[in-house]
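A quick write-up on the structure given underneath.
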Amino acid sequence: MDSTDVAACWEANAETWTRHARAGYDLYRDALNTPVFLANLPDITGLNGLDIGCGEGSNTRKLAEAGGRMVAVDIAPTFIRHAQEAEAAAPLGIDYRFGDGTALPFPDAKFDFATAFMSMMDMPRQDKALAEAARVLKPGGFLQFSILHPCFAPPYRKVLRDDAGQIRAIEVGRYFDGIDGEIETWRFGAAPAEVKASVVPFRVPRFHRTLSEWVAMIVVAGLTIEHMAEPHVDAETARAIPYLADTHIVPLFLHIRARKGAAA
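For the sequence shown, my numbering gives the first residue as -9, with consecutive numbering after it.
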């Protein structure tokens, strides 16, 4: 599967995805993943930033609100259209453009930082995506990205519950399988049953890599890891928001920040 095939999948997903995410059904994103990502982000006030795989632009807007001067790209035109409409309705100075993360349409050393919220893992050549991010960073700039945790969200993952229905473990498998475009179908689990039943499931191509493969690709891209995070909820939050309770057992997401070497 190449970037053209991936783009077709995400373009088909984009309309429903935008509507449901903006309705609050992407609970993992809104209640856990994005808040932790932003809490661990260095100060970006006044910096030129690139958001890679921006989707409908929700997280890009948060970066702009934090002071970043943002450009954002996505491979699905419908996502870009929705993002541009949001920008027109409430301007934050964001420049949204169509673009492929594995072939960024920007010159070398243009940006102070780059972000990628849950998009790198969906690209057919993560090595190229990381190399491209490094290329467009200025010396000393950083890339911060989030992905499904390679160890705890591999191609096979099952939540195990006890007799009372409480989550007791996460069963995982196929960790070492090289997955290149296997289609996973799903809906936002937090959406009401009638909403989920009314739409076609999303078709998401998966490109699973092991943790060691991710680290190796980051190193080859010329970046140095300086921060990692595994977002999770505490016991109290797990009880209050059962939908997120699996992340009290093991992390679902992995965050990495890696920096480009400064010029000599």
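The C-beta atom is built at its ideal place from N, Cα and C for all residues, glycine as well.
How far does the beta strand (DSSP E) with LYS100 in it extend, from its first residue to its last?
Taking the sequence shown and counting its residues from 1, the one referred to as residue 100 is at position 110. Unbroken run through LYS100: none, as it is neither H nor E.
Smallest Cα separation from ARG151: which of GLY58, ALA235, ALA(-2)?
Numbered from 1 along the sequence shown, position 161 holds the residue referred to as residue 151. Closest by alpha carbon: ALA235.
Simplified DSSP state of HIS10, which is helix, strand or coil
The residue you call residue 10 lines up with position 20 of the sequence shown. In the structure shown, HIS10 sits in a helix (DSSP, three-state: H, G or I).
Please report the straight-line C-alpha distance between ALA252 and VAL185, rounded to a whole angstrom.
By 1-based counting over the sequence shown, the position of residue 252 is 262. By 1-based counting over the sequence shown, the position of residue 185 is 195. If I take the Cα positions, the gap works out to 50 angstroms.
Please say whether GLY91 and GLU122 have beta carbons closer to each other than 9 angstroms?
Along the sequence shown, one-based indexing puts residue 122 at 132. Along the sequence shown, one-based indexing puts residue 91 at 101. In this structure, GLY91 lies closer than 9 angstroms to GLU122 by Cβ.
Report yes if the C-beta of CYS141 is less than 8 angstroms from at least one heavy atom of the ligand SAH; otherwise report no.
In terms of ligand content, the structure shown is empty, and the ligand SAH therefore cannot be addressed.
On the CB-based measure, 16 or more other CB atoms within 10 Å of its CB, does ASP41 come out buried or exposed?
Here the question's residue 41 lines up with position 51 in the sequence shown. ASP41 is buried by the Cβ-count criterion.
Near VAL194, what residues of its chain come up, given a Cβ to Cβ distance below 6 angstroms and the 5 sequence neighbours on each side ignored?
Start at 1 with the first residue of the sequence shown, and residue 194 comes out as number 204. Cβ within range, chain order: GLU174.
Using the rule of at least 16 other Cβ atoms within 10 Å of the residue's Cβ for burial, across every protein chain shown, is LEU36 buried or exposed?
For the purposes of this step, residue 36 is identified with residue 46 of the sequence shown, where counting begins at 1. In the sequence as displayed, the identity of residue 36 is Gly instead of Leu. Exposed is the call here.
Completely contained beta strand (DSSP E) runs for the stretch 121 to 199, where each covers 3 or more residues:
127 to 138, 146 to 151, 157 to 163, 172 to 176, 192 to 196
Going by the DSSP bridge assignment, what does THR105 pair with across the sheet?
The count along the sequence shown starts at 1 and reaches residue 105 at position 115. Answer by DSSP bridge pairing, in chain order: ASP41, GLN134.
Once you ignore the five residues that flank LEU138 on each side, which residues in its own chain have a CB closer than 8 angstroms to its CB?
Residue 138 sits at position 148 when you count from the first residue of the sequence shown. So the list reads MET108, MET111, LEU242, PHE243, LEU244, once near-sequence residues are dropped.
When DSSP labels each residue in this structure, what does HIS238 get in the three-state scheme?
Translated into positions along the sequence shown, residue 238 becomes position 248. If DSSP states are grouped into helix, strand and coil, HIS238 belongs with the helices.
Let me make sure I understand the geometry here. Which of ARG164, ASP(-5), PRO232 has the alpha-carbon closest to that of GLY179?
As a working mapping, residue 179 is identified with position 189 in the sequence shown. With distances taken between Cα atoms, GLY179 lies closest to PRO232.
With a threshold of 8 angstroms on Cβ separation, who are the neighbours of ILE34 within its own chain once the five nearest residues in sequence on each side are excluded?
Taking the first residue of the sequence shown as 1, we reach residue 34 at position 44. Excluding sequence neighbours, ILE34 sits near LEU53, ALA56, GLY57, GLY58, ASP102, PHE103.
Assuming HIS238 and ALA228 form a contact by the criterion Cβ under 8 angstroms, report the distance between their Cβ atoms to the nearest whole angstrom.
For this step, residue 238 is matched to residue 248 along the sequence shown. For this step, residue 228 is matched to residue 238 along the sequence shown. About 4 angstroms; that satisfies the 8 angstroms criterion.
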